[in-house]
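full-length UniProt numbering puts the sequence shown at residues 1 to 226. Note that the Cβ used here is the ideal one computed from N, Cα and C, for glycine as well.
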Amino acid sequence: RGDIVVGDVDDVKKATELKLIPDDLVDTLVAKTRDGKLHLYFINDGVGNKDYSKNKVKILELRAVWRYVLAPGSWVPPTPESGADGFYKVVNAKPPKLLKPAMLLWLKPERDYTTSSPVSFKGKMMGLPCIRVLFESKLNHGRKVHASKLLGIAWAKDHDGDTDDFEPVARKFADAQDHQDFPMRWAGVDAWARSAADNKLEWSCGEMVTLLRENGIRLPCEGKIL
């Protein structure tokens, strides 16, 4: 943590066919994941969490600060239809390369989650004291899962079901809660926002408090039903 950077190549076919990743960048330790994606491993020399695109194709997600990935040699039970054995395999056995910010200038960052502006706690639901407490508190695993649900629902309620701009908020929450013991990535938080929007879930502060109290969390806004 703090020394290793992993570049997650989501679309290996496009990245290869369009030659979107320079050869000198892939001249590092590379592993193939269970689903055929590639992980590029680097030594961190000042880069943060960013998504990069080239020619409007998202090709690289850097995981550098409070993120986790499975290392080469890891095993995940494969799906029966995949025909895979479930192992993360080394495909380029090179020492991890030192990754400097200047080496990424050829890419366009879609979003920079390390240096972007703080989350705005505005709105009927996002402005509730309990939401800010959830966002800023260090929670154990079980409580993080429930907190992520409430955060997603609060955002969806305040934005009339529009979750297009929720991704940075979800990522910040997931990163703040330390992925090492929080297996739900930002996508898990984002999914709750979309579910809330699709199902038109109705939540009040009182309902939030009830759910949290069941999991041992007591918050400043208890008793304030909206």
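Query: Below 8 Å on the Cβ atoms is my contact criterion, and I expect glycine 83 with valine 76 to pass it. Report the Cβ-Cβ distance as a whole number of Å.; Result: With a Cβ gap of about 14 Å, glycine 83 and valine 76 do not count as contacting.
Query: What residues match up with glycine 7 in a beta bridge as DSSP calls it?; Result: Leu40 and Leu62
Query: Go through its chain and collect everything with a Cβ distance to proline 95's Cβ below 8 Å, but skip five positions before and after it.; Result: Thr28 and Leu29
Query: Is the region 4-11 close to the region 39-59, with three or more CB pairs under 8 Å?; Result: yes
Query: Alpha carbon to alpha carbon, how far is alanine 154 from lysine 122? Give it in angstroms, no decimals.; Result: 11 Å
Query: Please state the DSSP three-state secondary structure of phenylalanine 87.; Result: strand
Query: Go to leucine 98, then tell me how far its beta strand (DSSP E) extends in each direction, as first and last residue.; Result: 97-99
Query: Hey, lysine 124 and isoleucine 43: beta-carbon distance below 8 Å or not?; Result: no
Query: Should residue 237 be labelled buried (16 or more other beta-carbon atoms within 10 Å of its own) or exposed?; Result: An answer regarding residue 237 cannot be provided, because it is not within the stretch 1 to 226 covered by the chain.
Query: Using the rule of at least 16 other Cβ atoms within 10 Å of the residue's Cβ for burial, across every protein chain shown, is valine 9 buried or exposed?; Result: buried
Query: On the three-state DSSP scale, how would you describe phenylalanine 182?; Result: Its pLDDT being 38, under 50, phenylalanine 182 is placed unreliably in this model, and the coordinates cannot settle the point.
Query: So leucine 104 is in the beta strand (DSSP E); what residue range does that whole segment cover?; Result: Taken as a continuous stretch (DSSP letters only), leucine 104 belongs to no beta strand (DSSP E), as it is neither H nor E.
Query: In three-state terms, what does DSSP make of serine 148?; Result: helix
Query: In chain order, what residues of the same chain have a beta carbon less than 8 Å from the beta carbon of arginine 132, not counting five sequence neighbours either side?; Result: Phe121
Query: Taking the beta strand (DSSP E) that leucine 29 belongs to, which residues open and close that run?; Result: 29-32
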